[in-house]
Amino acid sequence: EPSLFAVAKLLETALVNLSRVTVFWRPLSSHLNEVCQHPHTTMREWGAEALTYLVKSALNCKEYSPPLAENPQLQQMLLAPLVDMGATTLHFDIRAKQIECTLAILHAGVAGESLSHGWQQILSIIGNITDNQGYESKDSSQGKARDKSPCYKCVICVGEKDADPHYPLLVAKNCTTGEALVRSAFQCLQRVVADFLPIMPCSSLQLCIQTAAKFGLQTQDLNVSLTAIGLLWNIADYLYQNKQRVSNELGQLGCVSVSVGSSKESTPTEGSPSRGLTATLPPFDQLWMTLFSSLGDLCVDPRSAVRKSGGQTLFSTINAHGGLLEQQTWQAVLWNVLFPLLDRVRNLSGSASTEKVTDMAGNILIHHSRNTAQKQWAETQVLTLGGVARVFYVKRDILQSLGDFSRAWALLLEFIENSALSKNNEVSLSALKSFQDMLHMTSRSGNAAPPSSAATSVCSDSVSGAGSLNGDSGLESLSTDRVSEEAMLWETAWRVWCTIGLDSTKAPADGDQQEMFIPSQPFLTALIHIFPLLFQHIKPRFQETDLRKLCQVLENASAVPMHADTAPFILPSLTDVVLSPLQEAILSTIDTIQRVR
95 EPSLFAVAKL
105 LETALVNLSR
115 VTVFWRPLSS
125 HLNEVCQHPH
135 TTMREWGAEA
145 LTYLVKSALN
155 CKEYSPPLAE
165 NPQLQQMLLA
175 PLVDMGATTL
185 HFDIRAKQIE
195 CTLAILHAGV
205 AGESLSHGWQ
215 QILSIIGNIT
225 DNQGYESKDS
235 SQGKARDKSP
245 CYKCVICVGE
255 KDADPHYPLL
265 VAKNCTTGEA
275 LVRSAFQCLQ
285 RVVADFLPIM
295 PCSSLQLCIQ
305 TAAKFGLQTQ
315 DLNVSLTAIG
325 LLWNIADYLY
335 QNKQRVSNEL
345 GQLGCVSVSV
355 GSSKESTPTE
365 GSPSRGLTAT
375 LPPFDQLWMT
385 LFSSLGDLCV
395 DPRSAVRKSG
405 GQTLFSTINA
415 HGGLLEQQTW
425 QAVLWNVLFP
435 LLDRVRNLSG
445 SASTEKVTDM
455 AGNILIHHSR
465 NTAQKQWAET
475 QVLTLGGVAR
485 VFYVKRDILQ
495 SLGDFSRAWA
505 LLLEFIENSA
515 LSKNNEVSLS
525 ALKSFQDMLH
535 MTSRSGNAAP
545 PSSAATSVCS
555 DSVSGAGSLN
565 GDSGLESLST
575 DRVSEEAMLW
585 ETAWRVWCTI
595 GLDSTKAPAD
605 GDQQEMFIPS
615 QPFLTALIHI
625 FPLLFQHIKP
635 RFQETDLRKL
645 CQVLENASAV
655 PMHADTAPFI
665 LPSLTDVVLS
675 PLQEAILSTI
685 DTIQRVR
């Protein structure tokens with residue numbers, strides 16, 4: 095057994111000389127940190143116990159001059175050994191002691207009273223747990239068994255008789271070292287967000303957001319990931335309620351630096367006009383960009399539950415609190431968060447496995463609509479595309495004031511077109527729903543006026559001024575550029591509708607041996623129902639070539655056969671009407687065209 099005499103004397107000497115802590119702190123804490131790396135378990139544990147006890151005692155000491163709360167250098171010096179304690183080791187027992195000490199500091203109220211300049215270190219301690227202990231191995235993420243090595247401290251692992259009473263946080267069913275550390279560290283973060291956000295310096299809020307996002311991305315404990323997303327929502331609510339104070343303090347410091355996205359796929363959309371724009375945003379808006387980017391990363395997590403929760407939180411946050419953002423920040427949100435997210439989801443969905451998921455924790459039964467990774471990613475694709483379309487619908491007045499709104503509109507329609515042509519019925523039908531939502535948008539400026547030349551439109555004699563859901567008010571005052579831009583938006587939408595209609599109903603070529611995909615009747619019905627909404631915007635410019643395209647889509651759609659399993663629910667019985675919903679939609683569309691004189 096190693097001799098613990100030296101450790102005991104170092105601790106005793108330090109405790110009786112705390113008033114002169116600046117003289118001995120660095121060399122003494124360095125020695126104790128070396129002891130924490132000792133290969134012998136007992137020696138290592140005593141070193142950790144001595145160091146954490148010394149840190150807590152030093153933080154509670156009242157003999158400093160000036161007081162600890164007024165001495166930033168002293169605060170950082172006293173916390174430095176605690177940071178180094180975990181940064182230099184992967185021993186579970188040392189990391190557990192580090193987190194236990196951190197939680198004790200938070201519970202004792204020392205952090206709130208005296209550590210106004212130590213939050214960066216406290217948050218780094220909490221977040222570093224996920225870097226080294228919070229992620230499963232590659233084999234584990236593929237469904238292989240994880241290492242269930244005992245933690246040697248909790249009741250589950252060693253029994254009630256031998257469990258350490260000072261480790262109550264590690265009592266957990268099926269406890270493993272990584273899971274226990276993540277849960278313990280996450281309790282620290284929950285305490286920080288719940289109790290210390292109002293007194294935390296605004297310069298530390300970005301690190302707080304990033305730390306919560308780390309716990310969302312860790313794969314040891316799903317419940318922790320989902321709860322971490324809830325913490326991000328709480329932080330967003332705090333920023334919303336304290337906008338003035340946070341904005342003023344950050345404006346004085348000018349200290350926020352945003353790194354948009356943490357992965358290769360999260361770079362701004364290729365060719366986007368706002369690449370690098372985040373560097374020029376106000377500090378308060380940069381903080382929001384950090385939050386949105388963190389939630390965007392969670393939207394492409396390997397676990398479907400995390401993706402769903404992250405997506406719902408992201409779009410709810412943007413819609414609820416987006417009114418706080420500057421105009422240029424909206425440009426960054428579009429090109430650095432939303433469109434890259436759509437692209438990443440599309441790519442990951444396309445490469446997802448089609449094999450059935452058979453190994454689920456707890457033997458949970460999975461519905462057949464979600465029993466493959468590809469089907470689970472389809473749900474994410476639906477949520478993401480619908481969320482972005484909803485942002486356009488709710489915030490169009492703001493987005494339309496951007497100089498590149500027409501480009502953003504066209505790109506979103508491109509994503510809708512791609513999804514509508516998907517062979518997944520859920521994705522394709524949802525894409526049409528998003529398309530319909532976009533057509534319900536109203537513009538303060540109204541629609542484009544019909545061209546002056548009657549030859550440019552087959553309908554120009556009778557529909558002058560019939561363009562917008564908002565009527566003609568103020569139309570005369572529109573500039574030529576604005577009229578042209580508005581017309582171009584709806585022309586783009588019309589081209590996308592034609593492409594979807596023609597490509598989805600196109601008959602296979604002769605001799606094509608590939609498996610033919612037949613669109614469903616609800617999909618075709620929804621597609622035809624979109625036309626009347628679109629027609630009222632393009633009516634002044636609807637030409638003969640457009641009519642031919644429309645007739646081709648209607649003819650092809652009417653010729654698409656029904657799926658055998660859905661025919662009994664669609665085909666009318668002898669006592670019912672003789673038209674299916676699709677046929678009714680086609681006749682209604684023809685009637686809409688016929689009523690134009």
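Count along the sequence shown starting at 1, add 94, and that's the number in my numbering.
The beta-carbon is built from N, C-alpha and C at its ideal position, and this holds for glycine as well.
Here the C-alpha atom of residue 490 lies approximately 14 Å from the C-alpha atom of residue 584. Boundaries of the alpha helix (DSSP H) around residue 147: 135 to 154. The Cβ atoms of residue 526 and residue 620 sit closer than 8 Å to each other. Ranked by how close their Cα comes to the Cα of residue 336, the residues 294, 102, 301 have 294 in first place.
Taking the Cα positions, residue 139 is about 20 Å away from residue 172.
The C-beta separation of residue 170 from residue 212 comes to about 6 Å, placing the pair in contact by the 8 Å criterion. Relative to residue 316, the option among 392, 149, 342, 152 whose CA is nearest is 392. Around the beta carbon of residue 200, a 10 Å sphere encloses 16 or more other beta carbons of the protein chains shown; the residue is thus reported as buried. In this model, residue 651 and residue 595 are separated by some 8 Å (Cα to Cα).
Residue 450 is bridged by DSSP to 466. A distance of 8 Å or more separates the beta carbons of residue 413 and residue 339.
Counting along the chain, the unbroken alpha helix (DSSP H) around residue 676 starts and ends at 675 to 688. Classified as buried, residue 506 has 16 or more neighbouring CB atoms from the shown chains inside 10 Å of its CB. In the three-state reduction of the DSSP assignment, residue 183 falls in the coil class, being assigned neither a helical nor a strand state.
In this structure, 127 is the residue among 163, 127, 210, 615 with its C-alpha nearest to the C-alpha of residue 185. For the 8 Å CB-CB criterion, residue 305 and residue 221 form a contact. Between residue 112 and residue 151, the CB-CB gap stays under 8 Å. Exposure of residue 202 is indicated by the presence of fewer than 16 other C-beta atoms within 10 angstroms of its C-beta. Shown here for residue 487: same chain residues with a beta carbon closer than 8 Å to its own, the five before and five after excluded, namely 531, 532, 534, 535 in chain order. In the structure shown, the three-state DSSP call for residue 616 is helix. The beta carbon of residue 137 sits closer than 6 Å to the beta carbons of 96 from its chain, once the five residues preceding and following it are set aside; these are given in chain order. Residue 409 has its alpha-carbon roughly 6 Å from the corresponding atom of residue 481.
Between the C-alpha atoms of residue 521 and residue 513 there is a straight-line separation of about 6 Å. Annotated as proximal: residue 187 and residue 142, with beta-carbon spacing under 8 Å.
For residue 415, the enclosing alpha helix (DSSP H) has its first and last residue at 398 to 415. Excluding its 5 nearest sequence neighbours in each direction, residue 397 has C-beta neighbours in its own chain below 8 Å: 313, 316, 319, listed in chain order. Shown here for residue 115: same chain residues with a beta carbon closer than 7 Å to its own, the five before and five after excluded, namely 152 in chain order. Annotation: residue 154 to residue 130 spans about 23 Å, alpha carbon to alpha carbon. Proximity to residue 387 across 426, 103, 477 peaks at 426, based on C-alpha coordinates. Shown here for residue 477: same chain residues with a beta carbon closer than 6 Å to its own, the five before and five after excluded, namely 405 in chain order. Residue nearest to residue 193 within the set 209, 216, 300, 210 is 216 (criterion: CA-CA distance). Excluding sequence positions up to five before and after residue 442, its CB lies within less than 7 Å of the CB of 394, 471, all in the same chain and listed in chain order.
Between residue 223 and the set 165, 309, 156, the nearest pair of CA atoms involves 309.
Following the DSSP letters along the chain, one finds residue 587 inside the alpha helix (DSSP H) bounded by residues 574 to 599.
With respect to residue 175, residue 149 sits close: the two C-beta atoms are nearer than 8 Å.
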